[in-house]
Amino acid sequence: MTIDVKIKPVTEQDYDPAQFALLLKKSRSEGLNLILRLTENWESGTNRFNKPGEAFFAAEHEGRYLAVGGRSLDPYLKDPSVLRVRHVYVLPEWRRLGIAKKLMEKIMDVPEGPFRKLTLRTLNPGARKFYEHLGFNYVGEGDVTHELQL
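Counting in my numbering, the final residue of the sequence shown is number 158, and the numbers go up one at a time with none missing.
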């Protein structure tokens, strides 16, 4: 089964806390904190994905967010040429339908500029396989587990 989703940018102007409420509830029920960190950082202004090269996206279907994810400057490496994949999450009932792949294609479509690589961190074996299938290389445990040369 395939589903028609629209990958749309989420900016400061159209951030809708109600859209993130279901994602937060579902992610917490899975024992995940990534959407909690995302909403805390967004609402505090710590990270709104608004610096050059940064972007945040939602996979939307019939007016509802099914998945989110973005890229920001890597806060661990503090290298302005490195972007980090952040807060990629798909609602459990919508997984394995190609939504994460479409979302990641948008995240990986980095604009021309000084950026030379994308990094991420995952300890989830399924996510690890997914990212490696997209071309990311495993580089070990730590703040960065995978990277993709741009």
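Quick reminder that beta carbons are idealized off the backbone N, C-alpha and C, glycines included.
In the DSSP assignment, serine 37 falls within the alpha helix (DSSP H) that extends over 25-37. If you draw a straight line from the Cα of asparagine 58 to the Cα of proline 122, it comes to about 16 Å. For serine 52, the enclosing alpha helix (DSSP H) covers residues 42-52. If the five residues before and after leucine 40 are omitted, its C-beta is found closer than 8 Å to the C-beta atoms of Tyr97, all from its own chain and listed in chain order.
DSSP places arginine 92 in the strand class (E or B) of the three-state scheme. Your pair leucine 131 and methionine 116 does not check out as a contact, with CB atoms roughly 21 Å apart and the cut at 8 Å.
8 Å or more divides the Cβ of leucine 105 from the Cβ of leucine 91.
When beta bridges are read from the DSSP output, glycine 77 appears opposite Phe65.
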